[in-house]
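In our numbering, the protein residues as written are 14 to 445. Glycine residues also receive a C-beta, built at the ideal position from the N, C-alpha and C atoms.
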Ligand SMILES: [Zn+2]
């Protein structure tokens, strides 16, 4: 049993002082108590629940800074970036995947992220031959997360084709598995992943409607339903993807998922940018969530997630660092709001009933992310996992904050230099 006493703890939607957080040896919060007699004092620190990064491609950390130039004779877009990303992906062996993932997870931890949903799609060796263990690379990514000490939901990606009426792309050979192979390999992953300590688990991730045809999609989502697994999918990230879906099925991606009964409260639509009000309604009706990745979305020129419409309809919005161009979930949180301010020429667009934006944005970075990856964290309450980070109240980026505006200071202004302790499953991480 260990007990921590910071200056204040963010619990129940506000900062409270005079409370110690007690966790047991299994890494759970036993209680928040006013009995602070045996507590380890954390002076000048505020404690917050660890953040949940709901959408990550850890290996993409290796292309940071390497795609920020204009290619000759073409307009740069998501699609030209994708070719550059594939070129990098095709060079990485198991050790490189481990090293790149470890670097990404270490950076996540150093910014207060304590759990990640890893949308993992590199399965085979360069050239496309499966490894003897078809989950070798998935296990390397899990090992990297474990070695850093953060939790990981390994969302195993299904990828069948380049797209509707599109010739196979040789750069995708490391991702592609037919239905039966995918399900066998997923089964094997579920049987071999060590879930005993709650630090790792699996879910499924049909890549997108362009990469997974409908019959395949239905089958694997039915499988996930039987096993109660989280389902993540890139949805409506680019207008071209929406157009191709309408051409193939006569329906937009969300309409297709809705009319085929594939949405559920375990479903997370990643991006969900180019959607109609009807699509927002369909997501809301099904209980599905949306994962926005604003830093990546603006880097790739994807567009702006209509977060206001999602909030209004009660669709939970989580956040992801996605391409790892920058790993800072609070930056994603503030951009979710800032992009809408630029679009609407208004301020405090996403404010809730209490008039504040920070509370809702912080929910996106914590509880909504936890729900998306099938995890009961994201809140500091008795019975929940002891995952938290602390910030230095004297850090220049938030100095002068009062208890009432501390969360807004953290959400809108916190710099990484303010982050001190990062604790996952009751254990303090060594962030070197
Ligand atoms: Zn993605």
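The three-state secondary structure of residue 382, taken from DSSP, is helix. In the DSSP annotation of this structure, residue 104 is not part of any alpha helix (DSSP H), being labelled neither H nor E. A heavy atom of ligand 1 is found nearer than 7 Å to the CB of residue 70. Cβ neighbours of residue 146 within its own chain (closer than 6 Å, five residues either side excluded): none.
Ranking 434, 347, 27, 122 by CA distance to the CA of residue 160 puts 122 first. For residue 244, the uninterrupted beta strand (DSSP E) segment begins and ends at 244 to 248. Shortest Cα-Cα distance from residue 178 to any of 432, 369, 226 involves 226. In this structure, the C-beta of residue 137 stays at least 7 Å away from each heavy atom of ligand 1. The three-state secondary structure of residue 76, taken from DSSP, is helix.
Between residue 286 and residue 249, the C-beta gap is smaller than 8 Å, which places the two residues in contact. Bounds of the beta strand (DSSP E) holding residue 165 are 164 to 171. Across the set 126, 71, 210, 425, the C-alpha of 71 shows the shortest separation from the C-alpha of residue 101.
Nearest Cα to residue 91 within the set 208, 166, 314: 314.
As a beta-bridge residue in DSSP terms, residue 282 pairs with 246, 303.
Check the Cα spacing between residue 362 and each of 136, 395, 318: the tightest is with 318. Within the same chain, and ignoring the five residues on either side of residue 41 in sequence, the residues whose Cβ sits closer than 8 Å to its Cβ are 396, 397, 398, 399, 439.
Within 10 angstroms of the beta-carbon of residue 131 lie 16 or more other beta-carbons, which makes it buried.
Contact check for residue 66 and residue 126: beta-carbon distance about 5 Å, within the 8 Å limit, so the pair qualifies. Apart from the 5 residues on each side of it in sequence, residue 377 sits with its Cβ closer than 7 Å to the Cβ of 330, 331, 332, 346, 349 in its chain, given in chain order. With a threshold of 16 other beta carbon atoms within 10 Å, residue 243 meets it and is buried.
Between residue 341 and the set 306, 291, 328, 364, the nearest pair of CA atoms involves 306.
The beta carbon of residue 196 sits closer than 7 Å to those of 233, 236, all from its chain and outside the five residues before and after it, given in chain order. The Cβ-Cβ distance between residue 218 and residue 171 falls below 8 Å. In the three-state reduction of the DSSP assignment, residue 14 falls in the coil class.
Distance between residue 272 and residue 418, taken at the CA atoms: about 44 Å. Taken through DSSP and simplified to helix, strand or coil, residue 44 comes out as strand. By the Cβ criterion, the stretch 78 to 88 is not in contact with the stretch 404 to 420, since fewer than three pairs of Cβ atoms, one from each stretch, lie closer than 8 Å. About 12 Å separates the Cβ atoms of residue 74 and residue 129, ruling out a contact at the 8 Å cut-off. Across the set 241, 26, 202, 36, the C-alpha of 202 shows the shortest separation from the C-alpha of residue 154.
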